[in-house]
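First residue of the sequence shown? That's 19 in our numbering, and the numbers climb one at a time after it. Working notes, beginning with the structure itself.
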Amino acid sequence: MDAQVNQQPQLLFGGAFSAFLPPGGLDVSDLRQVPDNQEVFVHPNTDQSIIIELLEYQAGVPDDNAARYHFEDVAGASAGAEVLSQEPLVPHLLALEGCSSAWRLTACQLVAKFNEEAKNKVTLHLVLLRLPQYGTDLLLTFNDPTCIHPLSSSAVQEAEVPLPPSQPPWTLDHFHTFTHSLRLLDPGIFG
């Protein structure tokens with residue numbers, strides 16, 4: 019829980035939720051437009067990101083298939099996508115009240131940035147929190163690049179001048195802290 023030390027919870031979706039974000043996260047909405055159903059935070063020095071999405075509750079999808087359903091929706095028809103593991107989480111161990119079912123899924127995907135041909139290997143850690151009483155599936159995603167293609171724009175270039183020390187990469191513990199600290203403050207967000 020190191021991510022919580024001397025940190026206030028971040029308000030999300032206009033104050034409807036709060037959670038402890040990993041240190042140094044930048045709010046992407048300060049840089050570009052983000053859909054209303056998403057909050058996106060990026061690491062200042064890596065290609066890591068955390069995405070929070072309010073999605074329509076998929077009533078026809080059983081709980082044990084729902085995380086995979088949403089992953090396949092995100093991954094699309096990507097031939098380089100593979101589910102590595104899936105396991106249930108115990109909802110009462112989460113700060114989010116009213117969660118009927120919670121699932122963690124880990125997957126690997128080859129992803130190109132922008133319109134590049136070079137593909138980076140990214141591990142995706144997804145947590146799906148099901149809130150049927152609000153008609154919502156809440157999807158939390160931690161994108162963690164594990165192998166950057168040398169021709170990718172994300173590849174580190176040798177600098178002639180040494181760069182100042184940077185923020186260490188986020189860890190899975192940071193994501194777990196975020197996931198377990200997420201709270202609903204205003205159910206009015208669901209309409």
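Glycine is no exception: its CB is placed at the ideal position from the N, C-alpha and C atoms. No experiment lies behind these values; they were computed from the predicted model shown.
Quick one, are the C-beta atoms of residue i and residue j less than 8 Å apart?
{"i": "residue 88", "j": "residue 155", "result": "yes"}
{"i": "residue 204", "j": "residue 34", "result": "yes"}
{"i": "residue 196", "j": "residue 30", "result": "no"}
{"i": "residue 201", "j": "residue 73", "result": "no"}
{"i": "residue 193", "j": "residue 160", "result": "yes"}
{"i": "residue 125", "j": "residue 107", "result": "no"}
{"i": "residue 164", "j": "residue 137", "result": "no"}
{"i": "residue 184", "j": "residue 83", "result": "no"}
{"i": "residue 127", "j": "residue 93", "result": "yes"}
Check the C-beta distance from residue i over to residue j and give it rounded, since I have them as a contact under 8 Å.
{"i": "residue 71", "j": "residue 157", "result": "4 Å"}
{"i": "residue 66", "j": "residue 60", "result": "7 Å"}
{"i": "residue 42", "j": "residue 68", "result": "Contact flag wrong, Cβ pair sits at about 12 Å."}
{"i": "residue 199", "j": "residue 53", "result": "Not quite, the Cβ-Cβ distance comes to about 23 Å (not below 8 Å), so this is no contact."}
{"i": "residue 75", "j": "residue 150", "result": "5 Å"}
Assuming residue i is part of the alpha helix (DSSP H), what are its boundary residues?
{"i": "residue 92", "result": "81 to 93"}
{"i": "residue 184", "result": "Counting along the chain, residue 184 falls outside any alpha helix (DSSP H), and DSSP gives it neither H nor E."}
{"i": "residue 67", "result": "Note, residue 67: premise wrong, no alpha helix (DSSP H); beta strand (DSSP E) at 67 to 74."}
{"i": "residue 190", "result": "190 to 199"}
Over the uninterrupted beta strand (DSSP E) stretch that includes residue i, give me the two end residues.
{"i": "residue 36", "result": "35 to 37"}
{"i": "residue 59", "result": "56 to 60"}
{"i": "residue 103", "result": "99 to 107"}
{"i": "residue 25", "result": "Element bounds for residue 25: n/a, residue is neither H nor E."}
- Message: Would you call the region 145 to 160 in contact with the region 117 to 131, where contact means no fewer than 3 C-beta pairs closer than 8 Å?
- Response: The region 145 to 160 vs the region 117 to 131: in contact.
- Message: I'd like the ranges of any beta strand (DSSP E) spanning at least 3 consecutive residues and lying wholly in the region 119 to 160.
- Response: 119 to 130 and 137 to 149
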